[in-house]
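These notes concern the structure reproduced below.
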Amino acid sequence: MKKLFVLLLTLALVLGSFAGCGGAAEDAEATEVKIGLNYELTGPVATYGQASVDGIQMAFDEINAAGGINGMQIKSVLLDNKSDSAEATSLATRLMTQDGVVACLGPATSGNFMATIPVATGNGIPVISASATADEGVTMDADGNVNDYVFRLCFNDSFQGVTMANFALNNLTAKSAVLIQDQSSDYAKGLAKNFVETFEAAGGTIVATEGYVKDDKDFNAILTSIAAKDFDVIFLPGYYQEAGLIIKQARELGITAPILGADGFDSEVLLQLAGADALNNVYFSNHYSNLDEDPMVQDFITKFKEKYGADPNAFHALGYDLGMYIADAIERAGSTDSDAIKDALASTENFVGVTGTFSMGADHNPIKSIVVIGLENGVQATSVKVDPK
Amino acid sequence: MDQFLQQMVNGISLGSIYALIALGYTMVYGIIKLINFAHGDVYMIGAYVGFAATTYAQLGFFAAMVISMVSCALLGIIIERIAYKPLRTSTRIAVLITAIGVSLLLEYVMMFFVGAEVKSYPQLLSQKVFNFGAVQINMQQIYIIATAVALMVLLQYIVHRTKTGKAMRAVSIDPDAAQLMGIKVDRTISITFAIGSAFAGAAGVLVGIYYNSINPLMGIMPGLKAFVAAVFGGIGSIPGAMIGGLSIGVLETLVSGYGNSMYRDAAVFAFLIIILILKPTGLLGKNTREKV
Chain A
17 MKKLFVLLLT LALVLGSFAG CGGAAEDAEA TEVKIGLNYE LTGPVATYGQ ASVDGIQMAF
77 DEINAAGGIN GMQIKSVLLD NKSDSAEATS LATRLMTQDG VVACLGPATS GNFMATIPVA
137 TGNGIPVISA SATADEGVTM DADGNVNDYV FRLCFNDSFQ GVTMANFALN NLTAKSAVLI
197 QDQSSDYAKG LAKNFVETFE AAGGTIVATE GYVKDDKDFN AILTSIAAKD FDVIFLPGYY
257 QEAGLIIKQA RELGITAPIL GADGFDSEVL LQLAGADALN NVYFSNHYSN LDEDPMVQDF
317 ITKFKEKYGA DPNAFHALGY DLGMYIADAI ERAGSTDSDA IKDALASTEN FVGVTGTFSM
377 GADHNPIKSI VVIGLENGVQ ATSVKVDPK
Chain B
73 MDQFLQQMVN GISLGSIYAL IALGYTMVYG IIKLINFAHG DVYMIGAYVG FAATTYAQLG
133 FFAAMVISMV SCALLGIIIE RIAYKPLRTS TRIAVLITAI GVSLLLEYVM MFFVGAEVKS
193 YPQLLSQKVF NFGAVQINMQ QIYIIATAVA LMVLLQYIVH RTKTGKAMRA VSIDPDAAQL
253 MGIKVDRTIS ITFAIGSAFA GAAGVLVGIY YNSINPLMGI MPGLKAFVAA VFGGIGSIPG
313 AMIGGLSIGV LETLVSGYGN SMYRDAAVFA FLIIILILKP TGLLGKNTRE KV
């Protein structure tokens, strides 16, 4: 038994060293540049990961068809982290130490993305997420220092909360609001905190605060007590799974007030759960809207439909921008050295993407605008762009 | 006052669902002293059978409900035969662990086949709303309450007026003596599982129609609360399960409506603890002759 173990160990070491040689040999040729994709392809948040990857692949295909980056073709190494943060960490290690990637894209969600940050810092290879919106612990560490090798392409949750409060105050002339929040998610709590602070600072009042937890189905009790109160808008930070049911039950109880949410509403499932009749006077903040008349966005939508046969959502658009952004940085860096790429990512100015034009801030968060989408009969009918202050 | 009546309507609808699931817990416990933790997942399977019947076979409400009840009854019998019967002479903890295993098996096999994403039922009942003064009752709530009442009346009839019911009561009091009297104990236990599971299947379809959202893990929390309802009413007692289910539903609604919705589940379970301290056998627990 012991002999067998020694034999296997030897074999593993020998094979491991061969793998290392293979990586080095490929780097020397420099006809291609390897980029790691560490995404949620299965598991509970698989829809986010799959959509991001579709967008990234579309961007890479376009770049490769046009001759690549400085003559080098992009080769993506796609791995599935199963929506699990421990898996995300080990895949990041594998991509950086064995596959020899120059940068890693993803994961899509904040928790999984954060799990790859220590690996990126340790190996000195940049990691970028297009959709990790958490306020804390992403681009800055607990002491407020910027994580050198960590970037993101989306605004954070506090900006969404503040924007929706301003939208309620200015566009809907609301003076009072009811808050219904998902207590089991940090995302919802962050949004709620920033909404309440902004809304109350501008003289608005929060009439009632109600809570629910993930997987709840019956909201009649809280909605009946809300219906008896006097208020202008409902703010509902949370994900589409419960938000769809809350909107349906609220409309059935005769609550017609506007309902506001954030990018967690962006899913086809919201329409299936709530029904088209209930989805009137519903607004949510998002990264991107298909209604944007910018020719670049319309061009992206046309190309996306040709390739995948469906309308793109915000995750597709963010993925596409992410693919273009990393390619742009490698081109400006003029080399495949990870530190040069990191500096190019950090010094990005006025990058034009389908989710808006942005410059990378000193804290590695992009300075970009946000879109507030309005639904009529379940269809996206209006969109308002709000610029950062 | 109007708002209070409205909250009572909400609470009774929710409580009827808990009561239907609680009946299965209490019947199985009454007859083989087993807490069947897979029961909440039978309810989930019932919701999916109803979903398939209405979405793919385009059937109506009653047909879907009957198909779901029959499928769940068969599933209940199969679970009992395969997982619990071989362990009938083992320790109670062994059977309990097996029940938890069956529960996880059902959840994740279902997730493998249908995916983790939520599914929504088609519109089966009219959206009509009836107004009694300021109190609103919609069509789905009427169906839920009417179905629950009809099934409970049927169950009382089966248990107290039929030969099978007499056999069930006899087995629950003393299985060995019942066998000596010529009662087929295995068959009686199977029937008990079948009836309890059929009720869970009916609850699954009602929930699918009422809330319009089903997923493979939907059985966990209602299963737990129905278990609380059964214990609260006195586990083993059929009227206890009904009263327990309705009480938990109304209590939950009143806490959310008048107290603080943030503490809803905490209040429900705190209430359970208080009841068990004051009356350890539950509300109707002493009524041993009612055990089934």
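First to last, the protein sequences are chains A and B. Using our numbering, the first residue of the first sequence is number 17, and each one after it goes up by one. Using our numbering, the first residue of the second sequence is number 73, and each one after it goes up by one. We put the CB at the ideal spot given by N, CA and C, even for glycine. Please read all numbers here as calculations on a predicted model, not as lab measurements.
- With respect to the C-alpha of threonine 189 (chain A), the residue from A:Ala208, A:Gly220 and A:Ile85 having the closest C-alpha is A:Gly220.
- Glycine 305 (chain B) places its beta carbon less than 7 angstroms from that of leucine 356 (chain B).
- Valine 69 (chain A) is classed as buried because its beta carbon has at least 16 other beta carbons within 10 Å across all chains shown.
- Rounded to the nearest whole angstrom, the CA to CA distance from serine 162 (chain B) to alanine 188 (chain B) is 35 angstroms.
- Between glycine 377 (chain A) and isoleucine 383 (chain A), the C-beta gap is smaller than 7 angstroms, which places the two residues in contact.
- Neighbours of tyrosine 228 (chain A) across chain B, judged by C-beta separation under 8 angstroms: Ser333.
- Under DSSP, the beta-bridge partners assigned to leucine 391 (chain A) are A:Val298 and A:Gln396.
- Out of A:Gly369, A:Asn80, A:Asn296 and A:Lys358, the CA that lies nearest to the CA of asparagine 163 (chain A) is found in A:Lys358.
- The beta carbon of glutamine 257 (chain A) falls within 7 angstroms of a beta carbon belonging to chain B, placing the residue at that interface.
- The beta carbon of glutamine 78 (chain B) sits closer than 7 angstroms to some beta carbon of chain A.
- For the pair phenylalanine 235 (chain A) and methionine 182 (chain B), the Cα-to-Cα distance works out to about 26 angstroms.
- Among the residues of chain A, those whose CB is under 9 angstroms from the CB of alanine 188 (chain B) are Gly59, Pro60 and Ala62, following chain order.
- Contact between glutamine 199 (chain A) and tyrosine 165 (chain A) is ruled out by a C-beta separation of about 34 angstroms, above the 8 angstroms threshold.
- Rounded to whole angstroms, the gap between the alpha carbons of alanine 239 (chain B) and isoleucine 307 (chain B) is 19 angstroms.
- The criterion of a C-beta distance shorter than 7 angstroms is not satisfied by phenylalanine 133 (chain B) and leucine 226 (chain B).
- A distance below 7 angstroms between beta-carbons, with the five flanking residues on each side excluded, links arginine 336 (chain B) to the following residues of its chain, in chain order: Glu324, Val327 and Ser328.
- Distance check between methionine 141 (chain B) and each of B:Val277, B:Tyr229 and B:Arg233 places B:Val277 closest, using alpha-carbon atoms only.
- Contact holds between the stretch 110-124 of chain B and the stretch 275-294 of chain B, because three or more Cβ pairs, one in each stretch, are under 8 angstroms apart.
- Those residues of the stretch 73-93 of chain A placed with their C-beta closer than 7 angstroms to a C-beta in chain B do not exist.
- Taking a cut-off of 8 angstroms on C-beta distances, the stretch 105-113 of chain B does not touch the stretch 255-275 of chain A, as fewer than three cross pairs fall below it.
- Excluding sequence positions up to five before and after alanine 75 (chain A), its CB lies within less than 6 angstroms of the CB of Tyr336, Gly339 and Met340, all in the same chain and listed in chain order.
- Chain order gives the chain B residues near alanine 244 (chain A) as Gln75, where near means a beta carbon separation below 8 angstroms.
- Using a Cβ-Cβ cut-off of 8 angstroms, leucine 289 (chain A) is close to Val190, Ser192, Asn284 and Ser285 of chain B, given in chain order.
- With a beta-carbon spacing of about 25 angstroms, alanine 330 (chain A) and aspartate 293 (chain A) fall beyond the 8 angstroms limit used to define contacts.
- Residues of the stretch 202-234 of chain A that bring their beta carbon within less than 9 angstroms of a beta carbon in chain B comprise Thr225, Glu226, Gly227, Tyr228, Val229, Asp231, Asp232, Lys233 and Asp234, in sequence order.
- In the structure shown, glutamate 103 (chain A) adopts helical secondary structure according to DSSP, grouped into three states.
- Excluding sequence positions up to five before and after asparagine 381 (chain A), its CB lies within less than 8 angstroms of the CB of Thr155, Arg168, Phe171 and Asn172, all in the same chain and listed in chain order.
- With respect to the 7 angstroms criterion, tyrosine 256 (chain A) and valine 285 (chain A) are classified as neighbours on the basis of their beta carbons.
- Between the stretch 109-129 of chain A and the stretch 141-148 of chain A, the count of C-beta pairs closer than 8 angstroms reaches three or more; the two stretches touch.
- Scanning its chain for C-beta atoms nearer than 6 angstroms, with the 5 sequence neighbours on each side dropped, one finds around lysine 401 (chain A) the residues Ser385 and Val387, in chain order.
- DSSP places lysine 401 (chain A) in the strand class (E or B) of the three-state scheme.
- Interface criterion not met: the Cβ of asparagine 128 (chain A) is under 7 angstroms from no Cβ in chain B.
- With a cut-off of 8 angstroms on Cβ pairs, the stretch 202-213 of chain A is not in contact with the stretch 367-375 of chain A, counting fewer than three such pairs.
- With a minimum length of 3 residues, there is no unbroken run of beta strand (DSSP E) contained wholly in the stretch 137-183 of chain B.
- Annotation note: the stretch 293-369 of chain A contains the following uninterrupted alpha helix (DSSP H) runs of length 4 or greater, listed N- to C-terminal: 311-324, 330-349 and 354-362.
- Here glutamine 208 (chain B) is bridged, per DSSP, to B:Asn203.
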